[in-house]
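J.: Protein chains in written order, with our numbering: chain A, 2 to 144; chain B, 68 to 135.
The beta carbon of each residue, even a glycine, is placed where N, CA and C say it ideally should be.
Remember, it's a predicted structure, so these values are computed and weren't measured experimentally.
1. Output yes or no for whether 7 angstroms exceeds the beta carbon distance between residue 20 of chain A and residue 56 of chain A.
2. In chain order, what residues of the same chain lie with their CB nearer than 7 angstroms to the CB of residue 68 of chain B, ignoring the 5 residues before and after it?
3. Confirm, please, whether the CB-CB distance from residue 116 of chain A to residue 91 of chain A is below 7 angstroms.
4. Tell me which same chain residues have a C-beta within less than 7 angstroms of the C-beta of residue 108 of chain B, skipping the five on either side of it?
5. Under a Cβ-count criterion, where at least 16 other Cβ atoms within 10 Å of its own Cβ denotes burial, should residue 76 of chain A be classed as buried or exposed?
6. Rounded to whole angstroms, what's the CA-CA distance from residue 104 of chain A to residue 88 of chain A? Just pull it up for me.
7. Find out if the Cβ-Cβ distance for the pair residue 64 of chain A, residue 79 of chain A is shorter than 7 angstroms.
8. So which residues of chain A does residue 104 of chain B contact, with C-beta pairs closer than 9 angstroms?
9. Report the residues of the stretch 83-107 of chain A with a CB closer than 7 angstroms to any CB of chain B, ordered along the chain.
10. Under 8 angstroms, with one C-beta from each stretch per pair, do the stretch 117-124 of chain A and the stretch 86-93 of chain B reach the 3-pair mark?
11. Alpha carbon to alpha carbon, what distance is there between residue 12 of chain A and residue 135 of chain A?
12. Per DSSP, what are the beta-bridge partners of residue 63 of chain A in this structure?
13. Just to check my reading of the structure: residue 113 of chain A and residue 84 of chain A have Cβ atoms closer than 8 angstroms, yes? What is that Cβ distance to the nearest angstrom?
14. Using the three-state DSSP reduction, which class does residue 95 of chain A fall into: helix, strand or coil?
15. So, with DSSP's three-state summary, where would you put residue 93 of chain B?
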């Protein structure tokens, strides 16, 4: 029994028709810390990727072993998932992207596949002029 | 998270991290998360709830503005 039921799968498959390029989901886990959450996160990401196997690849890494990769991605905690398109845009999910965040995970996968931001011209123009780095953390709960 | 992740795509200077608050109680405590969604930008500007795009952008710009 998977984490996604048939209705979810159908809805996500339909959304994935919008994919326009390859996407890589890099999953960080650790068995000593957060073993069960890591396992569930791996399972969810695998199930999502299987809905568009031609476009989405998954790489499973271990926070304790793949330290260099973790450092490069700025990952210090698990479970964590990096959503990459043609390059790393800086999108990360800490914890299992279930419930409310699940829709954002799917949206981010589609957005990185094309590298196109769904923002107004005004917003994009302002972001192009940013005078410093911006780290945005969004805390949410599954329900 | 939606606006944040699109901003990350639009600019190399922006990173967006969704954090599942109940799985990371230590982070939730240090960022004083009492209602969700809670957005924290550069550990400097924070707000709760969804904002329209121009207001979200305003928060981002405040977070990189020089200290007054």
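T.: Short version:
1. Counting from 1 along the first chain, the entry for residue 20 of chain A is found at position 19. Counting from 1 along the first chain, the entry for residue 56 of chain A is found at position 55. Their beta carbons are under 7 angstroms apart, which means residue 20 of chain A touches residue 56 of chain A by this criterion.
2. To locate residue 68 of chain B, count along the second chain from 1; it is residue 1. The beta carbon of residue 68 of chain B lies closer than 7 angstroms to those of 83, 85 in the same chain, with the five residues before and after it left out.
3. Translated into the one-based positions of the first chain, residue 91 of chain A becomes position 90. Translated into the one-based positions of the first chain, residue 116 of chain A becomes position 115. No, Cβ-Cβ distance for residue 91 of chain A and residue 116 of chain A is not below 7 angstroms.
4. Taking the second chain and counting its residues from 1, one reaches residue 108 of chain B at position 41. Excluding residues within five positions, the ones whose Cβ falls inside 7 angstroms are 126, 127, 130.
5. Here residue 76 of chain A is taken as the residue at index 75 of the first chain, counted from 1. Residue environment analysis places residue 76 of chain A among the buried positions, since at least 16 neighbouring C-beta atoms fall within 10 angstroms of its C-beta.
6. Counting from 1 along the first chain, the entry for residue 104 of chain A is found at position 103. Counting from 1 along the first chain, the entry for residue 88 of chain A is found at position 87. Between the alpha carbons of residue 104 of chain A and residue 88 of chain A lies a gap of roughly 21 angstroms.
7. Sequence index remark: in the first chain, residue 64 of chain A carries index 63 (1-based). Sequence index remark: in the first chain, residue 79 of chain A carries index 78 (1-based). Cβ distance < 7 angstroms, so residue 64 of chain A and residue 79 of chain A count as in contact.
8. Numbered from its first residue, the second chain carries residue 104 of chain B at position 37. For residue 104 of chain B, the chain A residues whose C-beta falls within less than 9 angstroms of its own C-beta are 101, 139, 140, 141, 142, listed in chain order.
9. Within the stretch 83-107 of chain A, the residues whose Cβ lies closer than 7 angstroms to any Cβ of chain B are, in chain order, 90, 91, 92, 93, 94, 95, 96, 97, 98, 102, 105.
10. Not touching, per the Cβ criterion.
11. Against the first chain, residue 135 of chain A aligns to sequence position 134. Against the first chain, residue 12 of chain A aligns to sequence position 11. If you take the alpha carbons of residue 135 of chain A and residue 12 of chain A, they lie about 33 angstroms apart.
12. Taking the first residue of the first chain as 1, we reach residue 63 of chain A at position 62. According to DSSP, residue 63 of chain A bridges with A/30.
13. As a first step, residue 113 of chain A is located in the first chain; it is residue number 112 there, counting from the start. As a first step, residue 84 of chain A is located in the first chain; it is residue number 83 there, counting from the start. Contact flag correct, Cβ pair sits at about 6 angstroms.
14. Position 94 of the first chain holds residue 95 of chain A. In this structure, residue 95 of chain A counts as strand in the three-state DSSP scheme.
15. Residue numbering aside, residue 93 of chain B sits at position 26 when the second chain is read from its first letter. Correct three-state label for residue 93 of chain B: helix.
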